[in-house]
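Before any comments, here is the structure.
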Amino acid sequence: MESVKEEVLEKEEAQTKEGEETKNLEEELKLWKERALRYAAEVENLKKAFQREKEEYYKFALENVFRELLPSIDNLELALKSFETTQNISALKEGVALSLKVLIQTLEKFGLKQFEPAIGEAFEPYLHEALQTEPHPEIENGKITRVFQKGYMLHNRVIRPALVCVCLGRQQEEAQEKTTVQEDNGTE
């Protein structure tokens, strides 16, 4: 009978130990769940903070550019006021030209480059936009005959293509020559 009592006591002790272990494991699980929730909340807060910083950055990213542009704006405003009081138009023209030069230099500091294609340069669709075509006796077909507006690149990306006129002259001249030759031969 004592062996049965000992066996019962051992089983009760084992159950007590298992109960304590289960309780300890449940407490540890609860602790890990709380930590996971805290970390999840912390990650969410970091995401929100990052988003706020990103919005703030984009909102004020151009601040330095605008600060650099302000003197050019001031100079142009002074030039406009000077038109009312000055008779020296050439001095005003020089002042406006200088203001434009300073403005372009300021924009170049930030990676904006102005480009103007040369007359006779090959038309390139990624740099130029053809507004019209025209025949030209001295310029080859597919080459630029006139530039209406300069183009701009920001670093290596075209943000505004140059507006140009493209020559179709060589083809038309050849067609005219053929017509003239045919007329001279008496055929049409």
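For any residue, its number in the numbering used here is found by taking its place in the sequence shown, counting from 1, and adding 608. C-beta atoms are modelled at their ideal positions from N, C-alpha and C, and glycine is treated no differently.
**Prompt:** Given a threshold of 16 other Cβ atoms within 10 Å of its Cβ, counted over all protein chains shown, does Lys625 qualify as buried or as exposed?
**Reply:** Lys625 is classed as exposed because its beta carbon has fewer than 16 other beta carbons within 10 Å across all chains shown.
**Request:** Would you mind reading off the limits of the beta strand (DSSP E) that contains Ile752?
**Result:** Ile752 to Gln757
**Message:** Let's see if you can read the secondary structure: which residues bound the beta strand (DSSP E) around Thr714?
**Reply:** Careful: Thr714 lies outside any beta strand (DSSP E), inside the alpha helix (DSSP H) at Ile697 to Lys717.
**Message:** In whole angstroms, give me the CA-to-CA distance for Ile767 and Pro733.
**Reply:** Looking at the backbone, the Cα of Ile767 and that of Pro733 are separated by about 13 Å.
**Request:** Measure the alpha-carbon distance for Glu724 versus Tyr665 and round it to whole angstroms.
**Result:** 33 Å
**Request:** Just tell me which of Glu748, Thr741, Thr630 and Met761 has its CA closest to the CA of Val772.
**Result:** Thr741
**Request:** Consult DSSP for Tyr734 and reduce its assignment to one of helix, strand or coil.
**Result:** coil
**Close beta carbons around Lys718, own chain, < 6 Å, minus the five adjacent residues each side** = Reading off the sequence shown, one finds Phe at residue 718, where the question assumed Lys. Val673.
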